[in-house]
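Participant: Residue numbers (full-length UniProt numbering), protein chains in the order written: chain A, 1 to 120; chain B, 1 to 120. One structure is given below, represented as structure tokens, and several questions about it will come after.
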DNA sequence: TCTGTCCTCAACTTGTTGGTTGAATAAACG
DNA sequence: CGTTTATTCAACCAACAAGTTGAGGACAGA
């Protein structure tokens, strides 16, 4: 399994959790520390720390250090990777839907089927 | 937790598995039955059936019935939902990065900081 | 160096997931 | 009706994920 595949595994898995998607939404507005983030959730600070770790391992966020603070900030690169993956199949699914639609319109409006049995 | 949130939970979780992403890739080319899909994987047909079920519960695929065959086909709607979610935060992350970049360039190249503290 | 603050690591519990095998269902065909 | 084909259900297991609590590490300041 190549690294890109594992990157996508981790990224999708990370965003499958609503708490982590909410963290992403907050971090999109501004960087924040684990402590600051934790204030908004009904769970221990350690749990939030774990969630941030998961986001980090997925490459969705990075950490820096300024004095005692270790602010978390969003990184666009993996979002880009995911976006491209999804867009590709969204487009194909739509395309196939459009063609099926056109085919149905044709075979119902026009009774001859043009012997196009090889739909491949 | 609203329905849209749960939809995203299931969709991201579904795509976190490489086998299921591969199924999506195959189905993007053409509809297929569970049996046909299973030929490509080193696992039981039941396991593939389960994967397809997960994709179905996530709303990523739908089933139809023609004679004994129950072909699976890709549905674009949830891909669209995911794509929009990701794009939103990808854009915000990039935007924030650009602004930080600009700020750094400015404060290093130009020593005055224009008192633009209100980054909102 | 001691202290306080911020954060992470370790160990544990509980629920979920991905796989297995064997039995059951559904529809077409003889 | 019985058989074949295609698929799912049920029970089980191992691995993992999400939360908990308690202890420990890193750094700034006195």
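Each residue gets a CB set at the ideal place from its N, CA and C atoms; glycine is no exception. Since we're looking at a predicted model, the values are computed, not measured.
Would you please state the rounded distance, in angstroms, between the beta carbons of residue 11/B and residue 82/B? I believe it to be under 8 Å.
Facilitator: 5 Å between Cβ atoms; contact.
Participant: What residues from the segment 1-28 of chain A come within 9 Å of chain B, judged by C-beta to C-beta, listed N to C?
Facilitator: Taking 9 Å as the Cβ-Cβ cut-off against chain B, the residues of the segment 1-28 of chain A that qualify are 1, 5, 6, 8, 9, 10, 11, 12, 13, 14, 15, 16, 17, 18, 21, 24, 25, 27 and 28.
Participant: Please compile the residues from chain B whose C-beta is within a distance smaller than 7 Å of the C-beta of residue 90/A.
Facilitator: By Cβ distance, chain B contributes 76, 79, 80 and 83.
Participant: Between residue 110/B and chain A, is any beta-carbon pair separated by less than 8 Å?
Facilitator: The pLDDT assigned to residue 110/B is 45, lower than 50, so where the model puts this residue is not dependable, and the model offers no usable value.
Participant: Any Cβ of chain B within less than 8 Å of the Cβ of residue 113/A?
Facilitator: Low local confidence applies: a pLDDT of 40 at residue 113/A is under 50, so the model's placement there is unreliable, with the coordinate-based value given in what follows. No, because no Cβ of chain B sits closer than 8 Å to the Cβ of residue 113/A.
Participant: Kindly indicate which three-state DSSP category residue 33/B falls into: helix, strand or coil?
Facilitator: Residue state, collapsed to three classes: coil.
Participant: Excluding the 5 residues preceding and the 5 following residue 85/A in the sequence, name in chain order all residues of the same chain whose CB lies nearer than 8 Å to its CB.
Facilitator: Correct list, in chain order: 8.
Participant: Along the chain, where does the alpha helix (DSSP H) containing residue 73/A start, and where does it finish?
Facilitator: Per DSSP, residue 73/A belongs to no alpha helix (DSSP H); it is in the beta strand (DSSP E), 72-74.
Participant: Once you ignore the five residues that flank residue 46/B on each side, which residues in its own chain have a CB closer than 6 Å to its CB?
Facilitator: If we look at residue 46/B and ignore the five residues flanking it on each side, it has no Cβ neighbours.
Participant: For residue 41/B and chain A, any beta-carbon pair shorter than 8 Å?
Facilitator: Residue 41/B does not count as touching chain A.
Participant: Just the C-alpha distance for residue 25/B and residue 19/B, rounded to the nearest angstrom, thanks.
Facilitator: So the two alpha carbons sit approximately 10 Å from each other.
Participant: Give the secondary structure of residue 19/A by DSSP, where H, G and I count as helix, E and B as strand, and everything else as coil.
Facilitator: Three-state DSSP puts residue 19/A in a helix.
Participant: Whole angstroms is fine: what's the gap from residue 34/B's alpha carbon to residue 66/A's?
Facilitator: Residue 34/B and residue 66/A: Cα-Cα distance of roughly 53 Å.
Participant: Of all Cβ atoms in chain A, is any one closer than 8 Å to the Cβ of residue 93/B?
Facilitator: Closer than 8 Å: yes.
Participant: Three or more C-beta pairs under 8 Å: does that hold for the segment 40-55 of chain B against the segment 46-59 of chain A?
Facilitator: Contact between the segment 40-55 of chain B and the segment 46-59 of chain A is absent, because fewer than three Cβ pairs lie under 8 Å.
Participant: Check the Cβ of residue 36/B against every Cβ in chain A and list those closer than 7 Å, keeping chain order.
Facilitator: Neighbours of residue 36/B on chain A: none; closest Cβ ~14 Å, over 7 Å.
Participant: Against residue 127/A, what residues of chain B qualify as contacts under a CB-to-CB distance less than 7 Å, listed in chain order?
Facilitator: In the structure as shown, chain A starts at 1 and stops at 120, and residue 127/A therefore has no counterpart that could be examined.
Participant: Once you ignore the five residues that flank residue 93/A on each side, which residues in its own chain have a CB closer than 8 Å to its CB?
Facilitator: Closer than 8 Å at the Cβ level, and outside the excluded window around residue 93/A, lies no residue.
Participant: How far does the beta strand (DSSP E) with residue 63/B in it reach, from first residue to last?
Facilitator: Run containing residue 63/B: 61-63, per the beta strand (DSSP E) assignment.
Participant: Give the secondary structure of residue 39/A by DSSP, where H, G and I count as helix, E and B as strand, and everything else as coil.
Facilitator: Residue 39/A: coil per DSSP, three-state reduction.
Participant: When we look at the beta-carbon of residue 102/B and count the other beta-carbons within 10 Å, is it buried (16 or more) or exposed?
Facilitator: It is exposed - the Cβ of residue 102/B has fewer than 16 other Cβ atoms within 10 Å.
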